[in-house]
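Here is the structure we will look at, set down as structure tokens.
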Amino acid sequence: MALTRKYKDTVIARIKSDPEFTAALYAEAISSLVDGDKETALSTLRDLVHAHISFKTLAKQTGLNEKALHRMLGSNGNPTLNNLTKLINVIEEDLQLSTSIETHWNRPTKRTARQIDVNLAYA
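All residue numbers for the sequence shown refer to the working numbering, where the first residue is 49 and numbers rise by one.
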């Protein structure tokens, strides 16, 4: 039987070793958040915290309780906008990324979805 690694372990290792993958994953987290996919956004942010910051350090930098942070970024997490903003600011600072969100409005002729782009830049 072949030896395999757990999926999460593989993702964490890739985040630690590949800055472009990390930036793309962060962009996906923000895009998911804007699209209303809270579960994907929180899961991705949790992976980034595990790989780069640690919940202990994140708690110190945000002034939030470590256990509360685990709950916020858990599968049933429901962080307030204020707490989520604190988390995103610390994660961006740690990853040395900045986020800009652009929206494009096309006058709909039929029911068309709005397009939202998330652009990242290294700080």
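We put the beta carbon where it would ideally sit given N, CA and C, even for glycine.
Just so you know, these numbers come straight off a predicted model, no measurement behind them.
Inter-stretch contact at 8 Å, needing at least 3 Cβ pairs: the segment 63 to 78 / the segment 106 to 125 | Cβ pair count under 8 Å is below three, so no.
Would you identify the three-state DSSP class for residue 91, choosing helix, strand or coil?
-> Note: residue 91 maps to helix in three-state DSSP.
Answer with buried or exposed for residue 119, where buried requires no fewer than 16 other C-beta atoms within 10 angstroms of its C-beta.
-> When all chains shown are included, residue 119 counts as exposed.
Pairwise C-alpha distance: residue 58 and residue 136 = If I take the Cα positions, the gap works out to 23 Å.
Just the Cα atoms here: how many angstroms apart are residue 146 and residue 78?
-> Straight-line Cα distance between these residues: approximately 11 Å.
Exposed unless 16 or more other CB atoms sit within 10 angstroms - verdict on residue 80 | In summary, residue 80 is buried, with 16 or more beta-carbon neighbours lying within 10 Å of its beta-carbon over all protein chains present.
Locate the alpha helix (DSSP H) running through residue 80, then write down its first and last residues.
-> Here the alpha helix (DSSP H) through residue 80 covers 67 to 83.
Close-in-space but distant-in-sequence residues of the same chain around residue 60 (CB under 7 Å, 5 per side omitted) | If we look at residue 60 and ignore the five residues flanking it on each side, its Cβ neighbours are 95, 98 and 99.
Below 6 Å CB to CB, which residues in the same chain sit around residue 142 once its five sequence neighbours on both sides are set aside?
-> If you ignore the 5 residues before and after residue 142, its C-beta comes within less than 6 Å of the C-beta of 100 and 101, all in its own chain and listed in chain order.
Leaving aside the five residues before and after residue 122 along the sequence, list all residues of the same chain whose C-beta is less than 8 Å from its C-beta, in chain order.
-> The beta carbon of residue 122 sits closer than 8 Å to the beta carbons of 90 and 94 from its chain, once the five residues preceding and following it are set aside; these are given in chain order.
Pick helix, strand or coil for residue 137, following the three-state DSSP scheme.
-> Assignment of residue 137 by DSSP, reduced to helix, strand and coil, places it in the helix class.
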